[in-house]
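**Student:**
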DNA sequence: GACTTTTAAATGTCTGACAAATGAAAACTG
DNA sequence: CAGTTTTCATTTGTCAGACATTTAAAAGTC
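Shown next, in the form of structure tokens:
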């Protein structure tokens, strides 16, 4: 199933791809030094700028790092959790915002993944996790909180919950699912009443986590998913109504809709 | 906690970061055309090669695409599922292989996420999904199958299962979790007996999916996780024993040299 | 009007050069 | 000789300019 590109890719893309394969396959191990740009240019029979573009592509994916100076060069980079997470969040966010993914689909996926943490959270959560969740709930109660700040705190709460599973790989994947939803969540206006209901869910989840009650966490997340979904529907019908009301105005706003593609 | 870089980043990295923010924030919408390289060079007051390196960084993350010719240029790229998936798999794979993540942690995360699909698969799976799963099980029964091919078929089986949830966002996340495990799974040697047991699990999962039995899928995945974990432990202890037995032999592995193309 | 040619704009690539950083070796000093 | 300073080679970062290639619109031709 090899790619037979109709239009042969750029040289820098081809070279980046070859080097990427060497790294992913393990032929080049962590901290291994790649040949200098001049040597690579000679080996691949291209000019140095072309090699540099290839290396920048790899650097953008955190596959290599470069050091200047005498014994510097390009080195295979150890993929850190932080870098991996940043990549994942960027990619997931754009996947959601650019593809008219309907809110329910994204929401369902996110909460399904989050519920997967429940049993482990119940078994392993530490006081530190509960502490973060508690303080985020307190923040969410602040009267003057903007919708964006409320959402950010919501994300922090859920990340703390998933961290409670004490599985960094799971936390990594969940960060992608949860943080990527933030732009979509930010489109919702949270009234005092809706905030209160969300906080109720958070408290139920926190209590269940304290009691090491996996099913309770699950139930709390389920309630939260349903309510979030309802809220989003409300916002969308409201928005659609407003739009229909002034259908004459040439509203060419490029805002991404959250509508179902099917 | 804003960027206070101890070592100021490269110009191309800074510029790439600025443009990336514009895209992620939505200031540049899908298919929007960026200024030409010459214009960008003038705007940022840098040379064209520097701008090009910045653009290549963005291209490597599938944030932009470039088209040649008059009225060509760099355009904001719609993040497709395929591109997002490829990015995710690369990142996740390297995260696992470069960080000495222990097998149980990765395995636990992967199966936890996969179990999250079970209820949705039970509710929505189509005959096409069952068909793929069935044919992959058949392939896994082939006598001459290499360990790598067996693993690949295993991955295909599980991807078909998760696709059964009929939620593309969920499939995207699961692809990252499942495919990233393949290098780790490839380190295991699958005896005829162990293959048989794995296939048993697959059949149990398939039957449960046919019967729309979510708990059955869950149970099958749980069994599979336990058995996979046991297998991995066996391989590890075996390998450790072999290594200890011939601790004196100076196995000088031939270093991976970069081969010259062309 | 349909087809062909021209042309302008843009990316892809190359050459050559210089600046800046960096660590190692050489030179120097006490 | 020990310790410090200087020099220096290597490598990445950046720039300027040029040419090749691609592409679609514009102009020209029948």
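Protein chains in written order, with UniProt numbering: chain A, 1 to 262; chain B, 1 to 262.
Virtual Cβ for every residue (Gly too), placed ideally from N, Cα, C.
Keep in mind the model is a prediction, meaning the values are calculated, not measured.
#1: Is residue 214/A helix, strand or coil by DSSP?
#2: Closer than 8 Å by beta-carbon distance: list the chain B residues that pair up with residue 57/A, in chain order.
#3: Roughly how many angstroms separate the alpha carbons of residue 8/A and residue 66/B, rounded to a whole number?
#4: Please confirm if residue 135/B has its CB atom under 9 Å from at least one CB of chain A.
#5: With burial defined as no fewer than 16 other Cβ atoms inside 10 Å of the residue's Cβ, what is the status of residue 254/A: buried or exposed?
#6: Just list the residues that DSSP pairs residue 66/B with in beta bridges.
#7: Nearest chain A C-beta to residue 169/B closer than 9 Å, yes or no?
#8: Mark residue 56/B as exposed unless 16 or more other C-beta atoms lie within 10 angstroms of its C-beta, in which case mark it buried.
#9: Note down, in chain order, each residue of its chain lying with its Cβ closer than 6 Å to the Cβ of residue 51/A, except the 5 sequence neighbours on either side.
#10: Please state the DSSP three-state secondary structure of residue 20/B.
#11: My output table needs one value for residue 52/A: the three-state DSSP class, helix, strand or coil.
#12: Answer with yes or no whether the minimum CB distance from residue 258/A to chain B is below 9 Å.
#13: Return the CA-CA distance between residue 125/A and residue 131/A, expressed in angstroms with no decimal places.
#14: Would you give the residue range spanned by the alpha helix (DSSP H) that residue 268/B belongs to?
#15: Alpha carbon to alpha carbon, how far is residue 23/A from residue 63/A?
#16: Following a CB-centred definition, is residue 136/B positioned closer than 8 Å to any heavy atom of the ligand GTP?
#17: Relative to the alpha-carbon of residue 92/A, which residue among 183/A, 44/A, 133/A, 169/A has its alpha-carbon at the smallest distance?
#18: Span of the alpha helix (DSSP H) holding residue 143/A?
#19: Tell me whether residue 33/A sits in a helix, a strand or coil according to DSSP, three-state version.
#20: Could you compute how far the alpha carbon of residue 194/B sits from the alpha carbon of residue 220/B?
#21: Answer yes or no: does any C-beta atom of chain B fall closer than 9 Å to that of residue 99/A?
#22: Looking only at its chain, what residues have a beta carbon closer than 7 Å to the beta carbon of residue 12/A, apart from the 5 residues adjacent to it on each side?
#23: Given a cut-off of 9 Å, decide if residue 95/A and residue 79/B are closer than it, judged by their beta-carbon atoms.
#24: Determine the chain A residues that contact residue 117/B at a beta-carbon separation under 8 Å, and present them in chain order.
#25: Under 8 Å, with one C-beta from each stretch per pair, do the stretch 209-216 of chain A and the stretch 108-123 of chain A reach the 3-pair mark?
#26: Counting only beta-carbon atoms, is residue 80/A nearer than 9 Å to chain B?
#27: Short of 6 Å in beta carbon distance, which residues of its chain neighbour residue 206/A, apart from the five on each side in sequence? Order them along the chain.
#28: Which one of 48/B, 76/B, 129/B, 101/B has the shortest CA to CA distance from residue 25/B?
#29: Give every residue of the same chain whose Cβ lies closer than 8 Å to the Cβ of residue 140/B, excluding the five residues on either side of it in the sequence, and list them in chain order.
#30: Using a Cβ-Cβ distance cut-off of 9 Å, determine whether residue 126/A contacts chain B.
#31: Please name the residue in 163/A, 29/A, 159/A whose C-alpha comes closest to that of residue 100/B.
#32: Pick out the complete alpha helix (DSSP H) segments inside the stretch 72-135 of chain B, 4 residues or longer, and give them in chain order.
#33: So with CB distances below 7 Å, who are the chain B contacts of residue 108/A?
#34: With a cut-off of 8 Å on the beta carbons, I'd call residue 190/A and residue 81/A a contact; round off their distance for me.
#35: Determine the direct distance from the alpha carbon of residue 84/B to that of residue 217/A, and round the result to whole angstroms.
#36: Compute the distance between the beta-carbons of residue 188/B and residue 114/B, then report whether it is under 9 Å.
**Tutor:** Let me lay it out:
#1: As a first step, residue 214/A must be located in the first chain, where it is residue number 214. Look at residue 214/A here: in three-state DSSP terms it is helix.
#2: Taking the first chain and counting its residues from 1, the one referred to as residue 57/A is at position 57. Ordered by position in chain B, the residues that pass the 8 Å Cβ test against residue 57/A are 56, 57, 59, 60.
#3: Within the first chain, the letter at position 8 stands for residue 8/A. Within the second chain, the letter at position 66 stands for residue 66/B. The alpha-carbon atoms of residue 8/A and residue 66/B are separated by roughly 13 Å.
#4: As a first step, residue 135/B is located in the second chain; it is residue number 135 there, counting from the start. It does not: the Cβ of residue 135/B has no partner Cβ on chain A nearer than 9 Å.
#5: In the first chain, the residue the question calls residue 254/A occupies position 254. The predicted position of residue 254/A is uncertain, since its pLDDT is 39 and thus under 50; a value taken from the coordinates is nonetheless stated next. Exposed, by the Cβ-count rule.
#6: Counted from its first residue, the second chain places residue 66/B at position 66. DSSP lists 74/B as partners of residue 66/B.
#7: Numbered from 1 along the second chain, position 169 holds the residue referred to as residue 169/B. Answer yes: the Cβ-Cβ gap between residue 169/B and chain A drops below 9 Å somewhere.
#8: As a working mapping, residue 56/B is identified with position 56 in the second chain. Per the 10 Å Cβ criterion, buried.
#9: Mapped onto the first chain, residue 51/A falls at position 51. 37, 40, 41.
#10: Against the second chain, residue 20/B aligns to sequence position 20. Here residue 20/B sits in helix by DSSP.
#11: Residue 52/A sits at position 52 when you count from the first residue of the first chain. Residue state, collapsed to three classes: helix.
#12: Within the first chain, the letter at position 258 stands for residue 258/A. Residue placement at residue 258/A is poorly supported in this model, since its pLDDT is 29, which falls under 50; the coordinates are not used for a value here.
#13: Numbered from its first residue, the first chain carries residue 125/A at position 125. Numbered from its first residue, the first chain carries residue 131/A at position 131. Distance between the alpha carbons of residue 125/A and residue 131/A is about 11 Å.
#14: Residue 268/B cannot be examined here, being either before or after the span of chain B that is shown, 1 to 262.
#15: For the purposes of this step, residue 23/A is taken as residue 23 along the first chain, with counting starting at 1. For the purposes of this step, residue 63/A is taken as residue 63 along the first chain, with counting starting at 1. Residue 23/A and residue 63/A: Cα-Cα distance of roughly 8 Å.
#16: What this structure holds is no ligand at all, so the ligand GTP is not there to describe.
#17: Within the first chain, residue 92/A is the residue found at index 92, counting from 1. Cα-wise, what sits closest to residue 92/A is 183/A.
#18: On the first chain, position 143 is the one that residue 143/A refers to. Run containing residue 143/A: none; DSSP gives neither H nor E here.
#19: What you label residue 33/A is simply residue 33 of the first chain in a count that begins at 1. In the structure shown, residue 33/A sits in a strand (DSSP, three-state: E or B).
#20: Taking the first residue of the second chain as 1, we reach residue 194/B at position 194. Taking the first residue of the second chain as 1, we reach residue 220/B at position 220. Answer to the nearest angstrom: the Cα atoms are 15 Å apart.
#21: Taking the first chain and counting its residues from 1, one reaches residue 99/A at position 99. Yes, residue 99/A lies at the interface with chain B (some Cβ there is under 9 Å from its Cβ).
#22: In the first chain, residue 12/A corresponds to position 12, counting from 1. Here the set comprises 50, 53, 54, 57.
#23: Residue numbering aside, residue 79/B sits at position 79 when the second chain is read from its first letter. Residue numbering aside, residue 95/A sits at position 95 when the first chain is read from its first letter. Result yes, Cβ atoms of residue 79/B and residue 95/A sit closer than 9 Å.
#24: As a first step, residue 117/B must be located in the second chain, where it is residue number 117. Those within 8 Å of residue 117/B in chain A are 112.
#25: At 8 Å Cβ cutoff, the stretches touch.
#26: As a first step, residue 80/A must be located in the first chain, where it is residue number 80. Yes, contact with chain B.
#27: Here the question's residue 206/A lines up with position 206 in the first chain. Cβ within range, chain order: 133.
#28: By one-based count along the second chain, residue 25/B stands at place 25. Of the listed residues, the one whose Cα sits closest to residue 25/B is 76/B.
#29: The residue labelled residue 140/B in the question sits at position 140 within the second chain. Cβ within range, chain order: 150, 153, 154, 157, 195, 198, 199, 202.
#30: As a working note, residue 126/A is residue 126 in the first chain. Not an interface residue.
#31: In the second chain, the residue the question calls residue 100/B occupies position 100. Nearest of 163/A, 29/A, 159/A to residue 100/B, Cα basis: 29/A.
#32: Segments of the alpha helix (DSSP H) lying fully in the stretch 72-135 of chain B: 81-98, 103-115, 118-124.
#33: Residue mapping note: residue 108/A aligns to position 108 of the first chain, counting from 1. Within 7 Å Cβ-Cβ: 167.
#34: Along the first chain, one-based indexing puts residue 190/A at 190. Along the first chain, one-based indexing puts residue 81/A at 81. 31 Å between Cβ atoms; not a contact.
#35: Walking along the first chain from the start, residue 217/A turns up at place 217. Walking along the second chain from the start, residue 84/B turns up at place 84. So the alpha carbons of these two residues sit roughly 30 Å apart.
#36: Within the second chain, residue 188/B is the residue found at index 188, counting from 1. Within the second chain, residue 114/B is the residue found at index 114, counting from 1. Cβ distance not < 9 Å, so residue 188/B and residue 114/B don't count as in contact.
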